[in-house]
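Below is one structure, written out as structure tokens; comments come after it.
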Amino acid sequence: MTLQASFAERLSLADAWAWLDAYRDAPASEPLPLPEALGRVLSAPLAFPEDRPDRELALIDGYALQAEFTLGADSYNPLSLTLVPKGAPVTAGSAIVCCAGEAVPPGADAVAPLDVGQATGAVVDFCAVVARGPVSRTKATRRAAATSRLRRAGDWRRRRSRSPPRSARRN
Numbered sequence: 000m001t002l003q004a005s006f007a008e009r010l011s012l013a014d015a016w017a018w019l020d021a022y023r024d025a026p027a028s029e030p031l032p033l034p035e036a037l038g039r040v041l042s043a044p045l046a047f048p049e050d051r052p053d054r055e056l057a058l059i060d061g062y063a064l065q066a067e068f069t070l071g072a073d074s075y076n077p078l079s080l081t082l083v084p085k086g087a088p089v090t091a092g093s094a095i096v097c098c099a100g101e102a103v104p105p106g107a108d109a110v111a112p113l114d115v116g117q118a119t120g121a122v123v124d125f126c127a128v129v130a131r132g133p134v135s136r137t138k139a140t141r142r143a144a145a146t147s148r149l150r151r152a153g154d155w156r157r158r159r160s161r162s163p164p165r166s167a168r169r170n
């Protein structure tokens with residue numbers, strides 16, 4: 000069978016929408032254990048009882064610091080911050096080494112990648128300005144990502160005015 004023959008019986012867009020609208024009702028829902036739910040769609044929105052993680056987490060290995068104390072740093076004018084031990088809060092002119100996935104220390108608003116700073120003893124020199132945040136994904140970003148991955152069955156119909164589903168598009 001040739002590629003042309005396989006598309007010999009295309010539906011018009013109106014017929015495709017009519018076929019989809021005929022199946023408007025979602026099938027009945029059933030509770031399933033998580034391992035058996037693979038490939039299924041949600042029958043209702045997923046609600047989270049509380050936001051997790053409950054604190055900001057570092058996305059990369061680096062130095063937790065206050066970004067404003069790196070303003071003006073460049074290769075001709077490196078700025079030095081004092082390294083403090085883990086568990087201490089980040090204060091003006093200090094930085095703490097942190098690993099990806101760890102809680103960002105109190106007082107830090109940025110995590111600079113390890114290659115931006117050069118540590119020598121208890122001092123780290125920065126040769127570039129570090130932008131403030133995000134040290135981790137915000138609650139709104141996490142919620143939007145979860146919602147887009149876990150759409151309810153039939154949600155594409157609400158977006159009908161924008162574009163039809165991929166299977167109903169004409170080439």
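Numbering that gives the first Met the number 0 numbers the first residue of the sequence shown as 0 and each following residue consecutively. Each residue gets a CB set at the ideal place from its N, CA and C atoms; glycine is no exception. Note that the structure is a prediction, hence the values are computed from the model and not measured.
Spatial neighbours of residue i in its chain, beta-carbon cut-off 7 Å, leaving aside the 5 residues before and after
i	result
Asp60	Cys98, Ala99, Leu113
Pairwise C-alpha distance: residue j and residue i
i	j	result
Glu29	Glu35	11 Å
Pro104	Ala72	23 Å
Ser93	Pro77	15 Å
Leu33	Leu41	12 Å
Leu80	Asp53	28 Å
Arg156	Val128	Because Arg156 sits at a pLDDT of 45, beneath the cut-off of 50, its placement in the model cannot be relied upon, and the point is left open.
Ala111	Arg51	23 Å
Phe68	Ala57	19 Å
Exposed unless 16 or more other CB atoms sit within 10 angstroms - verdict on residue i
i	result
Thr119	exposed
Glu55	buried
Gly86	exposed
Val89	buried
Ala91	exposed
Ala46	exposed
Sequence-distant residues of the same chain with beta carbon closer than 6 Å to residue i, five excluded per side
i	result
Arg159	With a pLDDT of only 45 at Arg159, under the threshold of 50, the placement of this residue in the model should not be trusted; the figure read from the coordinates follows. Closer than 6 Å at Cβ, skipping near neighbours: no residue.
Neighbourhood of residue i by C-beta, 8 Å cutoff - its chain only, sequence neighbours within 5 removed
i	result
Ala121	Thr81, Leu82
Contact test: residue i Cβ vs the ligand ZN heavy atom, cutoff 6 Å
i	result
Ala87	Looking for the ligand ZN in the displayed structure turns up nothing, as the structure carries no ligands at all.
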